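Student: My questions all concern the structure below.
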Amino acid sequence: MSRYVRRIRKLLYTGSASLLLCCTLSVLAEEAPTEQSSGLFGTAVPDPVVASKGMVTGTTGASAQQAGLQMLKAGGTAADAIVATAMNQICLAAGSWVSYAGIMNVVYYEAASGQVYNMNASFDTVEGETDPASIPQPDWSKGFKGMMLEPDGRNVLVPGFLKGADALVERFGKLGLQQVVEPALRCAAEGFTWNEGSVGQFTFRKDVLTRDPDTAAIFLKADGSEYVAGETFRQPALAQTLRNFAWLGADYIYRGTWAEKLVAKTQALGGKLSMADMRSYEVIWSDPVKADYHGYAVYVHGLPAAGGVNTVESLALADLAGLAGKPHYSQSAESLFWLARLTQVAIPLTYGGPAMGEALKMDLSYEARLIPETSARLWALIEAGNFPGVSPPNTTPTHSDGVVVVDAYGNMAAMVHSINTVSWGTNGLNIDGISIPDSAAIQIPAVVATVPGERLTDPTNPGLVMKDGKPYLGFASIGAGLHQRTTAALISVLDFGMSPQEAINAPAFGFQLLGGGEEGQTFGAGELSAEMITELAAMGLNIVENDSMRGYWIGIMIDPETGELIGGGPREFSIAMGGRAVGY
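First residue of the sequence shown: 3, per this note's numbering; consecutive thereafter.
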């Protein structure tokens, strides 16, 4: 375990960051699986996991996946299991890269109705914050030193995770909130082993986590000393909050004592968050975005989010590029070249669509990007080499976790939950055991573009695939290269017949660096041959070997002939982080 931690800590202190990588350090080392690996970012190639009744796969937390499996074995639905898994991931993270005050987005297939649903429990902006452009934000030109901001309540948004958890269990669950919350409550009360990764994680953010007395009381022992590797880290304040949530539901968080404490704390730091903001928060049940792709129906996270739009658009562009008729990208420089080119479109358009649309004389709103004619015009620009290489506003770390579940009733669920900021945020706030992220600070352009009090857009893209009217594949992705990895994995599964694990084991696409330094398509170190890299360079595509810019994808497939569940977990995290598929 120590060599993996050393590699991660090197990334932390040298300033390399991704959506998840730099801060997912607190999982249980003793829960590591047994497959062979050359390291955290090495050549681990775990086999697909096969089960007959139910399955859970997640990006981190071996005991979190087991909590979900426990719900399935107890007769719970995919909704029960996915919430139990996600809540345990947060406990094991100690509120770092994911938080109960973060967001939750879910695409859900209900077997009884045959319908696919989309639940958006992302952040709401604050109604009283009328000048978000003036909210202090990190200076990323200074690297990690640039995110050491002074506490500021204006960068706190209205959280959605626990409202989403309550709503999902209420609508689709069988077990009830108390039973679903119990594994996370036990994790908080009984604790988990504080390992070398936990020590490195705390050391990295010590100044932030110790300046507020309420937060320091969570992360320091009673005598003020720090936890050392091998000790048990308990979260009694969190356990009590989860107990209250389990019995009283989301009203305790959004209308009760906890909300009052959050509002008082943020307002004392100049924030505009009010009890009215908390009381008015509701999840959005909307239609998922849908694409018909080569005999499959792909359902992804719906509007007002951007992630589903990005996925549907990339599949349309892949179709126009004819990638299904070319060799797999792992075997063909030409295929990889065009896959890289077409996936460079989404993130710049997510954050700069209106401005780019004006420059290109196109409507590049989210709605317009779902129209085939828009995809055709974009493909013409890409094919001619005329799509502008525009970098998004920032590539700051905005951490997440993913979960996919299939239950014995035939329901399927895919979730991404996130804090969309650096680990623990820059304020170092903690309300009764729940860490409070500063999620507005690194999303200023998106907050500015959102009407105060309304739902903030996000790039998460959990999704489901249907074949002949039946669920076929559930998937989720995280990381800086989540869009690139999702597109590559879907093509691998839907066009090349790979299992989810085979798609995961293929060379790992990462975020495409555009402007501001070294430019090129990132891939994990050593995942492409020298000959492939040379051939791509001759075609005009520079490959940057960069482990921290990866995307991480997970999935569960239902074999349409046998009904077997075939799952895949993130090979990069299978040993150090505990992410894997489990079933029964």
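All residues carry an ideal CB built from backbone N, CA and C; glycine is no exception. Everything numeric in this text was worked out from a predicted model, so none of it was measured.
Quick one: which unbroken alpha helix (DSSP H) runs of 4-plus residues sit fully inside the region 475 to 536? Chain order, please.
Tutor: You should have 484 to 498, 502 to 507.
Student: As a quick exercise: from Ala382, Lys472, Pro447, pick the residue whose alpha carbon is nearest that of Gln460.
Tutor: Mapped onto the sequence shown, residue 460 falls at position 458. Here the sequence assigns Asp to residue 460, which means Gln is not the residue at that position. It is Pro447 whose Cα lies nearest to the Cα of Asp460.
Student: In the DSSP assignment, the alpha helix (DSSP H) including Gly465 goes from what residue to what residue?
Tutor: Locating residue 465 in the sequence shown gives position 463, where the first residue counts as 1. Careful: Gly465 lies outside any alpha helix (DSSP H), inside the beta strand (DSSP E) at 465 to 469.
Student: Tell me, please, which residues DSSP counts as bridged to Ile568.
Tutor: As a first step, residue 568 must be located in the sequence shown, where it is residue number 566. Answer is Val52, Met559, bridged to Ile568.
Student: Here's the rule: buried if 16 or more other CB atoms are within 10 angstroms of the residue's CB, otherwise exposed. What is Thr564?
Tutor: Residue numbering aside, residue 564 sits at position 562 when the sequence shown is read from its first letter. Within a 10 Å sphere around the beta-carbon of Thr564 sit fewer than 16 other beta-carbons, which makes this residue exposed.
Student: Answer with buried or exposed for His296, where buried requires no fewer than 16 other C-beta atoms within 10 angstroms of its C-beta.
Tutor: Numbered from its first residue, the sequence shown carries residue 296 at position 294. His296 should be labelled exposed.
Student: Could you give the distance in angstroms between the alpha-carbon of Ala443 and the alpha-carbon of Pro454?
Tutor: As a working note, residue 443 is residue 441 in the sequence shown. As a working note, residue 454 is residue 452 in the sequence shown. Rounded to the nearest angstrom, the two C-alpha atoms are 15 Å apart.
Student: Can you give the Cα-Cα distance for Leu325 and Ser402, rounded to whole angstroms?
Tutor: Your numbering for residue 325 matches position 323 in the sequence shown. Your numbering for residue 402 matches position 400 in the sequence shown. Going from the Cα of Leu325 to the Cα of Ser402 covers about 30 Å.
Student: From Thr423 to Val265, what distance separates their C-alpha atoms?
Tutor: The count along the sequence shown starts at 1 and reaches residue 423 at position 421. The count along the sequence shown starts at 1 and reaches residue 265 at position 263. Spanning the two alpha carbons is a distance of roughly 20 Å.
Student: Distance check for Ile560 and Arg582, CA to CA, integer angstroms please.
Tutor: In the sequence shown, counting from the first residue as 1, residue 582 sits at position 580. In the sequence shown, counting from the first residue as 1, residue 560 sits at position 558. Cα-Cα distance, rounded: 17 Å.
Student: Please name the residue, chosen from Thr243, Gly427, Val418, that lies closest to Phe204 on a Cα-to-Cα basis.
Tutor: As a first step, residue 204 is located in the sequence shown; it is residue number 202 there, counting from the start. Of the candidates Thr243, Gly427, Val418, the one whose C-alpha sits nearest the C-alpha of Phe204 is Gly427.
Student: Counting pairs of beta carbons, one from the region 508 to 515 and one from the region 480 to 493, are three or more of them closer than 8 Å?
Tutor: Touching, yes.
Student: Between which residues of its own chain and Ala539 is the CB-CB distance below 6 Å, once the five residues before and five after are set aside?
Tutor: Start at 1 with the first residue of the sequence shown, and residue 539 comes out as number 537. In its own chain, leaving out the 5 sequence neighbours on each side, no residue places its CB closer than 6 Å to the CB of Ala539.
Student: Pull up the distance between the alpha-carbon of Ala415 and that of Leu431, whole angstroms please.
Tutor: The sequence position of residue 415 within the sequence shown is 413, counting from 1. The sequence position of residue 431 within the sequence shown is 429, counting from 1. Note on geometry: alpha-carbon atoms of Ala415 and Leu431 lie some 32 Å from one another.
Student: Which value, in whole angstroms, describes the spacing of the CA atoms of Ile105 and Tyr119?
Tutor: Locating residue 105 in the sequence shown gives position 103, counting from the first residue. Locating residue 119 in the sequence shown gives position 117, counting from the first residue. Going from the Cα of Ile105 to the Cα of Tyr119 covers about 17 Å.
Student: Can you give the Cα-Cα distance for Thr313 and Leu250, rounded to whole angstroms?
Tutor: Here residue 313 refers to the residue found at position 311 when the sequence shown is read from its first residue. Here residue 250 refers to the residue found at position 248 when the sequence shown is read from its first residue. Cα-Cα distance, rounded: 37 Å.
Student: Taking a contact to mean a Cβ-Cβ separation below 9 Å, would you say Glu547 touches Glu529 in this structure?
Tutor: Position 545 of the sequence shown, counted from the first residue, corresponds to residue 547. Position 527 of the sequence shown, counted from the first residue, corresponds to residue 529. In this structure, Glu529 lies closer than 9 Å to Glu547 by Cβ.
Student: Straight-line CA distance for Leu496 to Ala293?
Tutor: Within the sequence shown, numbered from 1, the residue matching residue 496 stands at position 494. Within the sequence shown, numbered from 1, the residue matching residue 293 stands at position 291. Roughly 13 Å separates the two Cα atoms.
Student: Could you say which of Asn157, Leu222, Pro502 lies nearest to Gln445 if we only look at CA atoms?
Tutor: Against the sequence shown, residue 445 aligns to sequence position 443. Ranked by Cα distance from Gln445, the first of Asn157, Leu222, Pro502 is Asn157.
Student: With Val467 and Val300 assumed to form a contact (beta carbons below 8 Å), what rounded beta-carbon distance in angstroms separates them?
Tutor: In the sequence shown, the residue the question calls residue 467 occupies position 465. In the sequence shown, the residue the question calls residue 300 occupies position 298. Right, their Cβ atoms sit about 5 Å apart.
Student: I'd like the list of long-range same chain contacts for Ala113, defined as Cβ closer than 6 Å, with 5 residues on each side in sequence excluded.
Tutor: Translated into the one-based positions of the sequence shown, residue 113 becomes position 111. Counting only Cβ-Cβ distances below 6 Å, and skipping sequence neighbours, we find Tyr411, Gly412, Asn413.
Student: Suppose the cutoff is 6 Å on Cβ atoms and the five residues either side in sequence are ignored; what does the same chain contact list for Ala86 look like?
Tutor: Position 84 of the sequence shown, counted from the start, is the residue given in the question as residue 86. Residues of the same chain with a CB within less than 6 Å of the CB of Ala86, apart from the 5 flanking positions on each side, are Ala69, Gly70, Met73, Val182, Pro185 in chain order.
Student: Tell me the rounded alpha-carbon separation between Gln346 and Glu385.
Tutor: Working through the sequence shown from its first residue, we reach residue 346 at position 344. Working through the sequence shown from its first residue, we reach residue 385 at position 383. Answer to the nearest angstrom: the Cα atoms are 13 Å apart.
Student: Going by CA-CA distance only, name the one from Val405, Ser200, Leu372, Ser437 that's closest to Gly569.
Tutor: On the sequence shown, residue 569 is found 567 positions in, with the first residue counted as 1. Closest option to Gly569, Cα to Cα, is Val405.
Student: Using DSSP's beta-bridge definition, name the partner residues of Arg552.
Tutor: Here residue 552 corresponds to residue number 550 of the sequence shown, with the count starting at 1. DSSP, once it has assigned bridges, lists Gly512 as partnering Arg552.
Student: I need the boundaries of the alpha helix (DSSP H) containing Gly60, first residue and last residue.
Tutor: On the sequence shown, position 58 is the one that residue 60 refers to. Looking at the DSSP string, Gly60 is not in any alpha helix (DSSP H); the run it does join, the beta strand (DSSP E), is 57 to 62.
Student: Tell me whether the beta-carbon of Val160 lies closer than 9 Å to the beta-carbon of Val407.
Tutor: Indexing the sequence shown from 1 puts residue 160 at position 158. Indexing the sequence shown from 1 puts residue 407 at position 405. No, they are not a contact pair.
Student: To the nearest angstrom, how far is the alpha carbon of Leu372 from that of Arg207?
Tutor: By one-based count along the sequence shown, residue 372 stands at place 370. By one-based count along the sequence shown, residue 207 stands at place 205. Taking the straight line from one Cα to the other gives about 41 Å.
Student: Residues bridged to Gly404 by DSSP?
Tutor: Position 402 of the sequence shown, counted from the first residue, corresponds to residue 404. Val418, per the DSSP bridge assignment.
Student: For Ile457, collect the residues of the same chain with a Cβ closer than 7 Å to its Cβ; drop the 5 residues on either side in sequence, then sort them by chain order.
Tutor: By one-based count along the sequence shown, residue 457 stands at place 455. A quick correction: the sequence has Arg, not Ile, at residue 457. If we look at Arg457 and ignore the five residues flanking it on each side, its Cβ neighbours are Asn122, Ser124, Asp126, Ile286, Pro306.
Student: Select from Gly304, Val311, Gly309, Leu317 the residue whose C-alpha is nearest the C-alpha of Tyr298.
Tutor: Taking the sequence shown and counting its residues from 1, the one referred to as residue 298 is at position 296. Measuring from the Cα of Tyr298, the nearest candidate turns out to be Leu317.
Student: Can you give me the C-alpha to C-alpha distance between Tyr229 and Leu211, rounded to a whole angstrom?
Tutor: One-based indexing of the sequence shown puts residue 229 at position 227. One-based indexing of the sequence shown puts residue 211 at position 209. Straight-line Cα distance between these residues: approximately 13 Å.
Student: Given a threshold of 16 other Cβ atoms within 10 Å of its Cβ, counted over all protein chains shown, does Pro153 qualify as buried or as exposed?
Tutor: Here residue 153 refers to the residue found at position 151 of the sequence shown. Buried, since its Cβ has 16 or more Cβ neighbours within 10 Å.
Student: How many Å lie between Ala370 and Gly542 at the Cα?
Tutor: For the purposes of this step, residue 370 is taken as residue 368 along the sequence shown, with counting starting at 1. For the purposes of this step, residue 542 is taken as residue 540 along the sequence shown, with counting starting at 1. Straight-line Cα distance between these residues: approximately 30 Å.
Student: Please list the terminal residues of the continuous beta strand (DSSP E) segment that includes Gln117.
Tutor: As a first step, residue 117 must be located in the sequence shown, where it is residue number 115. Its beta strand (DSSP E) spans residues 117 to 123.
Student: Just the Cα atoms here: how many angstroms apart are Leu23 and Lys328?
Tutor: As a position in the sequence shown, residue 23 is number 21, starting the count at 1. As a position in the sequence shown, residue 328 is number 326, starting the count at 1. In this prediction, Leu23 scores a pLDDT of 35, lower than 50, which makes its location untrustworthy; no coordinate-derived value is stated.
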